[in-house]
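Asks: Numbering (the working numbering), first residue to last: 1 to 410. For glycine and all other residues, C-beta sits at the position ideal for the given N, C-alpha and C. Keep in mind it's a predicted model, so treat the numbers as computed, not measured.
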Ligand SMILES: C[S@@+](CC[C@H](N)C(=O)[O-])C[C@H]1O[C@@H](n2cnc3c(N)ncnc32)[C@H](O)[C@@H]1O
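(1) Please identify the residue among 341, 342 and 361 whose C-alpha is closest to the C-alpha of residue 334.
(2) Within 10 angstroms of its Cβ, does residue 196 collect 16 or more other Cβ (buried), or is it exposed?
(3) For residue 294, count neighbouring C-beta atoms within 10 Å of its own C-beta (all shown protein chains included) and say buried if the count is 16 or more, exposed if not.
(4) Taking the alpha carbon of residue 380 as the reference point, which residue from 88, 398, 406 and 394 has its own alpha carbon closest?
(5) Going along the chain, which unbroken runs of the alpha helix (DSSP H) with 4 or more residues stay wholly within the segment 159-219?
(6) For residue 301, name the three-state secondary structure that DSSP assigns.
(7) Taking 8 Å as the cut-off, is the CB of residue 293 close to at least one heavy atom of ligand 1?
(8) Cα separation between residue 139 and residue 190?
(9) Can you tell me the Cβ-Cβ gap for residue 352 and residue 369, rounded? I've got them flagged as a contact below 8 Å.
(10) Mapping DSSP to helix, strand and coil, what is residue 259?
(11) Can you give me the C-alpha to C-alpha distance between residue 223 and residue 198, rounded to a whole angstrom?
(12) Going by the CB atoms, is the gap between residue 131 and residue 174 shorter than 9 Å?
(13) Please report the straight-line C-alpha distance between residue 5 and residue 261, rounded to a whole angstrom.
(14) Return yes when the C-beta of residue 188 is under 8 Å from any heavy atom of ligand 1, and no when it is not.
(15) Among residues of its own chain, excluding the 5 on either side of residue 62, which ones have a beta-carbon nearer than 7 Å to its beta-carbon?
(16) At a cut-off of 8 Å, is residue 376 close to ligand 1 when judged by its beta-carbon and the heavy atoms of the ligand?
(17) Distance check for residue 382 and residue 17, CA to CA, integer angstroms please.
(18) Quick one: what's residue 227 bridged to in DSSP?
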């Protein structure tokens, strides 16, 4: 069923919001605020509907021609129809409204989104290499809602080094992986993680890689904010190296201000969801004692090296555990400096409760999902914390995703 709808605003996730003649909300993929669109419904629920634009009847001045030929087919980069320079202002409005709706409060006046390059920024990728029963090898991105593969030609959001690497090396990686697999089935699929360290060196990882190949091909070193951080393509690392120094600087300022104000102290830094010890490694000289906590075991050896060159130091502790378990077992009874950077799901409830019960009075919360961030903020607010600062970082241009940093204190 098709409707002619006027898009009222953009909502979380990048869809346009309109109303059907019967008053129900319609979330419209591909519609921009102010536009009149012909919309085909794809979901028809009792209290809301979903649809996609089949024709733009009155166009927004902010509409752009999508750059990628796979727009609409590949699951990523669904915001390409919005001009790059307008994406941060639109997302800022979405976040302000999101905060109002979910936390019943206003984001600070000075909330702003840091912006970096609009294209060629993404330094991490995951591709799949597949061999069909007939022996044909293909590789590309997985389709979002199915197991299909979109063949790779080039990707305008990936860094030039990743694009070049993928064109030249995909077949070689596949051959190597087949060699490493003692009895590869005829039809074979291999997920490969790739990482560009910003110096044009691309590392890669696939399951089943030998230890020797791992050292040679997966391990990587990134120069950032005057430090060298070791990581590898199998574990998490931030995916926008061009803008990352601005997040690092915001976190460093937040830490320094916390110590100067007396709300936090330099006695103990706790870096939860620490990955390879990223933030702690960049802050280590400021603290008397440091604890990093990360669940992924592959991060541990890097965290040790990033924090103390691999040597045992009694003031540095790199813990391989779930953050919530560590918090429940280790009562934080001093006003430590605390950084949390959880995955999209936000803070596990046990972690949030333990922080509220602890002596931590100031919290630096880095998030890649504004919805779970605001959900968690609302719980902290109920427990007496208030929002001191909010900053956004456009880490994922052409997509509706945003990195955020909140400073909370009580
Ligand atoms: C967004 S990343 C942040 C990593 C790091 N702060 C950085 O900037 O590189 C989240 C990290 O949390 C880890 N993680 C996910 N759930 C966890 C949990 N319950 N406890 C501890 N670590 C967890 C993931 O493995 C991932 O490394």
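Replies: Based on what the coordinates show:
(1) 361
(2) buried
(3) buried
(4) 406
(5) 160-180
(6) helix
(7) yes
(8) 9 Å
(9) The pair is not a contact, with the Cβ atoms about 15 Å apart (cut-off 8 Å).
(10) helix
(11) 8 Å
(12) yes
(13) 52 Å
(14) no
(15) 32, 82, 83 and 86
(16) no
(17) 30 Å
(18) 224
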